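Numbering (our numbering), first residue to last: 17 to 652. This report refers to the structure that appears directly beneath it.
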Amino acid sequence: MDNGESSSTNNSSRPWESYNTFFTNAKAGMEGVDKEKVQRIVYEMSKGSKFFQNEERKEALMKQKIEHMRDRCAKLSSSDLSNYHKVVDKRILELEATRDLSRIWLHVDMDAFYAAVETLSDPSLKGKPMAVGGLSMISTANYEARKFGVRAAMPGFIARKLCPDLIFVPVDFTKYTHYSDLTRKVFRNYDPHFIAGSLDEAYLDITEVCRERGLSGGEIAEELRSSVYSETGLTCSAGVAANRLLAKVCSDINKPNGQFVLQNDRSTVMTFVSSLPVRKIGGIGKVTEHILKDALGIKTCEEMVQKGPLLYALFSQSSADFFLSVGLGLGGTDTPQVRSRKSISSERTFAATGDERLLYSKLAEIAEMLSHDMKKEGLTARTLTLKLKTASFEIRSRAVSLQRYTCSSDDILKHATKLLKAELPVSVRLIGLRMSQFVGEIRNSDPSQGTITKFIVQKDSSRQDLDDNDSFDLDASKNCLSNDLSLSFGSHETSYAHLKDVVEYEERSQIDSEKVIPNQECVKKKKGRNSFSISANGPLYWVDGYKCVLCGIELPPSFVEERQEHLLIFILLRDFKTKNLDLVLPQHLQNEGQLTEKVNSKRKKQKPDQKDSSKHIPIHTFFTKSNQNSNETQRK
DNA sequence: GGGTCGAACCAGT
DNA sequence: TTCCAACTGGTTCGACCC
């Protein structure tokens, strides 16, 4: 991509100079490459192709975007700018207050991982230019190959042109996973809660191990790298800094087989960041780099702070916040909760075709693969997205939310077929299917909007160890809130107490426990105590296996989701009503009668009943947006 | 005007 | 001779509904 030089200048005698699709010297091991030669070869091999035309189309769109931004920039009045100045000043103070220089983070990155593993298994490859992958695409290249300009994500046929002696080795994930496990065993000795970025990289909080052993971050990094080498025979690079964002930047500085330590003091961090190109930051890619540079003249992280008012004027709050925090050298310092999977997908590329029968058969194969993967992981989801890459490399996606959670290939195929049918006729070279919105997951598009799940997750992270006497199982409660149930709620503490009340209420309903049959494994009786925790399928107790103990409604055991929704909504509505509060429910759950209707007619579209809402104080008014102050920018 | 959802795009490995 | 991947997470924006 861009190497810090303008790509917008179009030199007709050297057209390749503006074609920066693959070449970058940002990758370790590519310094000193004959950049112009590589660019020219890549350009010559690409020009005129469908792929090339699509790249041109995308570049034109990007230029349009940049122009639009410049226009908006030019239209800003001095009073606008002065207002944004105030916003930035305030935000800087807020962000500075979050600066934590007490932690020591280490980022480890294995050197040309796949290629190094392949060389271990076949030492004859040592010293020869080699790439892992095939002629269509290579996953990574060793350092000998990088000298020729060969790099990851480059098509193999171009790589071969750049380096005719290049050896191709097919990808073997089993091998890489094995070596990745070996490295992780080492990482665990330094931080049992390390964050695995991918097979070949990880973040470790080494604060404690440094303190306990009286060693510096650099010394621990040396030791860890040597330990990884003796366990695997592979080299890695490391970066040590006060936060993960900086540690990652640092690990790239002395690659391969090196390390860089950034001292934990503010002025060192600010000096480091001052000349750091924005592209070095994780999350800023080719497009964002271009926009920042060509529309706002921002090339370094320091300039993000200097031009903060423009960033807040032109970007969304979250983007501007991110840019500003980068400019201040801030990054994640806490160990986040284990992140759960958000989607699962399967896609395949093939020779472009418009043959409908062939397309349907490809679709069936992919539906089958996806269903297989979902079953393997025990996932069911309700949003299906069809992805198509047309013969001209245009990406299209079409999504539909299903009535039920599913992982069945028949269901997936049935709906995917409908989606594909609507696109025909079309010539495509890739079909992909993705399933998202898993059971237990709550969709919330506004990050500042609170939901019970989100709140619980936050609570969970701040209270790692719940009181053992507490019968409320937080993990389980995440699962019991199924579907797109989104609840606006009052203060955090009130909500927490309220949910506890729900469980206590439930326990009180357990008097005749002989007749109560727990729904599947949803109720776990705690040893020696007459208390229950909510588990995977929700707090549902059903008399004789089908009748709700709370209201008598009959729901057969197979209606798992409906049972979950029913009990939760029943209790919440009752409770919120007695507290004279309003509960904001998703549309399809906004009247109680629907619960019965769903059993009979499987989720007809519901119109919410808002008749009584006016008498209640909307519950969401109690929720204080965490970023309310910063949301008061004049952007809108 | 707020919330939800779909579509497109961006980024990283 | 081969002719630009597979997968995932996140953000933004607009349409639509109420």
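Quick reminder that beta carbons are idealized off the backbone N, C-alpha and C, glycines included. Given the structure is predicted, the values throughout are model-derived calculations rather than measurements.
Taking all protein chains shown into account, do 16 or more other C-beta atoms lie within 10 angstroms of the C-beta of residue i, making it buried, or fewer, making it exposed?
| i | result |
| --- | --- |
| residue 190 | exposed |
| residue 95 | exposed |
| residue 347 | buried |
| residue 306 | buried |
| residue 398 | buried |
| residue 253 | buried |
| residue 167 | buried |
| residue 185 | buried |
| residue 211 | buried |
| residue 142 | exposed |
| residue 338 | buried |
| residue 370 | exposed |
| residue 719 | Nothing can be reported for residue 719, as the shown portion of the chain is limited to 17 through 652. |
| residue 454 | buried |
| residue 49 | buried |
| residue 431 | buried |
| residue 362 | buried |
| residue 319 | buried |
| residue 357 | exposed |
| residue 90 | exposed |
| residue 394 | exposed |
| residue 416 | exposed |
| residue 332 | exposed |
| residue 76 | exposed |
| residue 382 | buried |
| residue 292 | buried |
Could you check what DSSP says for residue i in three-state terms: helix, strand or coil?
| i | result |
| --- | --- |
| residue 451 | strand |
| residue 147 | strand |
| residue 199 | helix |
| residue 332 | coil |
| residue 218 | strand |
| residue 255 | strand |
| residue 398 | strand |
| residue 293 | strand |
| residue 184 | strand |
| residue 403 | strand |
| residue 65 | coil |
| residue 55 | helix |
| residue 326 | helix |
| residue 442 | coil |
| residue 162 | helix |
| residue 172 | helix |
| residue 279 | coil |
| residue 304 | helix |
| residue 95 | helix |
| residue 262 | helix |
| residue 314 | coil |
| residue 210 | coil |
| residue 414 | strand |
Are the beta-carbon atoms belonging to residue i and residue j less than 9 angstroms from one another?
| i | j | result |
| --- | --- | --- |
| residue 138 | residue 216 | no |
| residue 187 | residue 243 | no |
| residue 158 | residue 128 | yes |
| residue 277 | residue 298 | no |
| residue 245 | residue 222 | no |
| residue 263 | residue 274 | no |
| residue 429 | residue 384 | yes |
| residue 111 | residue 344 | yes |
| residue 368 | residue 295 | no |
| residue 132 | residue 155 | no |
| residue 174 | residue 57 | yes |
| residue 250 | residue 199 | yes |
| residue 409 | residue 66 | yes |
| residue 340 | residue 82 | no |
| residue 151 | residue 180 | no |
| residue 220 | residue 123 | yes |
| residue 404 | residue 97 | no |
| residue 54 | residue 231 | no |
Below 8 angstroms on the Cβ atoms is my contact criterion, and I expect residue i with residue j to pass it. Report the Cβ-Cβ distance as a whole number of Å.
| i | j | result |
| --- | --- | --- |
| residue 329 | residue 92 | 6 angstroms |
| residue 317 | residue 285 | Not quite, the Cβ-Cβ distance comes to about 10 angstroms (not below 8 angstroms), so this is no contact. |
| residue 349 | residue 119 | 5 angstroms |
Jot down the residue ranges of each uninterrupted beta strand (DSSP E) in the region 97 to 157, minimum 3 residues, whole runs only, in chain order.
121 to 126, 146 to 149, 154 to 157
Mind pulling the alpha helix (DSSP H) runs of 4 or more residues that sit fully within the region 330 to 385?
333 to 343
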